[in-house]
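Some notes on the structure that comes next.
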Amino acid sequence: MASKNASKFSATARNIKKSTVLKWKVGNWLEIVDSNRHKGEVWVTSVRCKLCAKYEKKLTNTRNFNFSWCRGTTNVKLDAVKTHMNGEPHKLALKLEDEEMFKAKPGPLPAYAATPLGKAFFKLNENEKVRVKKLIEIAYVVAKEEMPFTKFVAIAKLEKRHGVELGQTYLNDHACADFVDTIAEIYEEELNQMLKRVHYYSILVDGSTDARSKEKEVIYILYVDPDTGRQRLRFFSLQKVEHATATDVLALIKKAFEQHGVDSLKEHTVGFGADGAAVNLGVRGGVSVLMKDDEGIDWLVTVHCASHRLELSIAVALKSTVFSDINEMRQVELVG
4 MASKNASKFS
14 ATARNIKKST
24 VLKWKVGNWL
34 EIVDSNRHKG
44 EVWVTSVRCK
54 LCAKYEKKLT
64 NTRNFNFSWC
74 RGTTNVKLDA
84 VKTHMNGEPH
94 KLALKLEDEE
104 MFKAKPGPLP
114 AYAATPLGKA
124 FFKLNENEKV
134 RVKKLIEIAY
144 VVAKEEMPFT
154 KFVAIAKLEK
164 RHGVELGQTY
174 LNDHACADFV
184 DTIAEIYEEE
194 LNQMLKRVHY
204 YSILVDGSTD
214 ARSKEKEVIY
224 ILYVDPDTGR
234 QRLRFFSLQK
244 VEHATATDVL
254 ALIKKAFEQH
264 GVDSLKEHTV
274 GFGADGAAVN
284 LGVRGGVSVL
294 MKDDEGIDWL
304 VTVHCASHRL
314 ELSIAVALKS
324 TVFSDINEMR
334 QVELVG
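In my numbering, the protein residues as written are 4 to 339.
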């Protein structure tokens, strides 16, 4: 699009050599609009941002938007280019271009393609992808073994001493947190897609406490994998419990499914499993009763968890024995 004007060269204009502009290497989004030839040199008189020009209509309401960067600015200076590059309009244009690039790829995109890290991963060359994949695997181990993210750096350094090529980027605990967040997003998206294909599932719940002794409700789902025909039990959600009543627990279950894109429990739920607490299996208002009466799941099969029943049976059987004293001492030790 560059033009070589034969008009008189102005020494006072903001002209800069084309060779200098090319050395900036800010990206292929910077386009020369107009130029002049003077004394054997090509002098650039106007440049624009190709991306901002492409998405001009979507950028007009962003802060510090300037039409000249879409149609040609005479402010041909490196500082001006960098200011534009770091501005809100240009960053939005880059994001829009990334989204368009992903939509144009043939075939279905993997789940991670929608995440910020996934978009960056797509732009890497094959060697860089191999390195990042190894770092993601290290981050997975850190999360799986419940280690602090700061251990990520130590493990990565050890791997490098063993000759593993990991590069120099992403070697910090913040990157580990980003990797773990992305892994979680991928698992969640895969589960969401699976829920769309599963005909029926059972819901299993249990109370739990976190490190700060705050009560939580753990939710699992049991279903038949439509691809393998085998049953699968998967972690589904961890919800904060404000009030441990049947109504609130059912509300938490519904909230968890809504977060996964399921608006109604009635369509696919066939079973409910929990411990024998009245809040879950009480015949006059437990969660299972509310699911039948309020949610209309008349066919619901309710199962009292066998492990909890065994635990209660053993506790009753040993109540009048020396083991009861041992258990009491153990509880005192745990509290202390």
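For glycine and all other residues, C-beta sits at the position ideal for the given N, C-alpha and C.
Legend entry - Segments assigned beta strand (DSSP E), at least 3 residues, entirely inside the stretch 243-279: Restricting attention to beta strand (DSSP E) runs no shorter than 3 residues, the stretch 243-279 encloses them at 272-277, ordered along the chain.
Inset, instruction - With DSSP as the reference, label E314 as helix, strand or coil. - result: helix
Legend entry - Cross-strand partners of T212 (DSSP beta bridge): E218
Inset, instruction - Starting from N39, trace the beta strand (DSSP E) both ways and give me its first and last residue. - result: L33 to H41
Inset, instruction - Report whether the distance from the Cβ of A281 to the nearest heavy atom of the ligand GDP is below 7 Å. - result: In the structure on display, the ligand GDP does not appear, and there are no ligands present to speak of.
Inset, instruction - Would you mind reading off the limits of the alpha helix (DSSP H) that contains C55? - result: K53 to K57
Inset, instruction - Measure the CB-CB distance between L97 and L62 and report whether it falls below 8 Å. - result: In this structure, L62 does not lie closer than 8 Å to L97 by Cβ.
Legend entry - Residue range of the unbroken alpha helix (DSSP H) whose run includes V133: E129 to K147
Inset, instruction - Decide yes or no for the touch test of the stretch 297-304 against the stretch 323-337: beta carbon pairs closer than 8 Å, at least 3 of them. - result: As far as the Cβ criterion goes, the stretch 297-304 does not touch the stretch 323-337, which means the pair count is below three.
Legend entry - Proximity below 8 Å, CB of V167 to CB of F155: no
Inset, instruction - Compute the Euclidean distance between the alpha carbons of M4 and R237, then round it to the nearest angstrom. - result: Model confidence at M4 stands at a pLDDT of 48, short of 50, so the residue's coordinates are unreliable; what they give is reported in the following sentence. For M4 and R237, the distance between alpha carbons rounds to 57 Å.
Inset, instruction - Report buried or exposed for S205, applying the criterion of at least 16 other Cβ atoms within 10 angstroms of its Cβ. - result: A buried status is given to S205, since no fewer than 16 other beta-carbon atoms sit within 10 Å of its beta-carbon.
Inset, instruction - Assign G264 to buried or exposed, taking buried as 16 or more other Cβ atoms, counted over all protein chains shown, within 10 Å of its Cβ. - result: So G264 ends up on the exposed side.
Inset, instruction - Check whether the stretch 213-222 touches the stretch 171-188, taking contact to mean three or more Cβ pairs, one atom from each stretch, closer than 8 Å. - result: no
Inset, instruction - Taking 8 Å as the cut-off, decide whether the C-beta atoms of A157 and L174 are in contact. - result: no
Inset, instruction - State the CB to CB distance for the pair G285 and V306, rounded to an integer number of angstroms; the pair is presumed to be in contact (CB under 8 Å). - result: Their Cβ separation, rounded to whole angstroms, is 15 Å, which puts G285 and V306 out of contact at 8 Å.
Inset, instruction - From the DSSP output, in three-state form, read off S10 for me. - result: Because the pLDDT at S10 is just 47, under 50, the model does not fix this residue reliably, and the point stays unresolved.
Legend entry - Classification of F260 by the beta-carbon crowding that lies within 10 angstroms, buried from 16 upward: buried
Legend entry - Residues near E100 in its chain [Cβ-Cβ closer than 6 Å; skip 5 each side]: Excluding residues within five positions, the ones whose Cβ falls inside 6 Å are L54.
Inset, instruction - Report, in whole angstroms, the separation of the C-beta atoms of S186 and Y143, which I expect to be a contact under 8 Å. - result: With the sequence shown as reference, residue 186 is identified as Ile, and Ser is not the correct amino acid for it. Indeed, because the Cβ distance is near 6 Å, the residues count as touching under 8 Å.
Legend entry - Which residues DSSP lists as bridging K20, in chain order: K20 pairs with W46.
Legend entry - Paired residues, beta bridge with S240 - DSSP: I222
Legend entry - Contacting residues, own chain, Cβ-Cβ under 8 Å from T324 (five flanking each side not counted): none
Inset, instruction - Note the first and the last residue of the continuous beta strand (DSSP E) segment covering T86. - result: T86 -> not in any beta strand (DSSP E); alpha helix (DSSP H) instead, spanning L81 to M88.
Inset, instruction - Give the secondary structure of R200 by DSSP, where H, G and I count as helix, E and B as strand, and everything else as coil. - result: coil
Inset, instruction - Could you tell me which residues DSSP pairs with H307 in its beta bridges? - result: A277
Legend entry - Residue burial classification, I256 (beta-carbon count within 10 angstroms, cutoff 16): Its Cβ being crowded by 16 or more others within 10 Å, I256 is buried.
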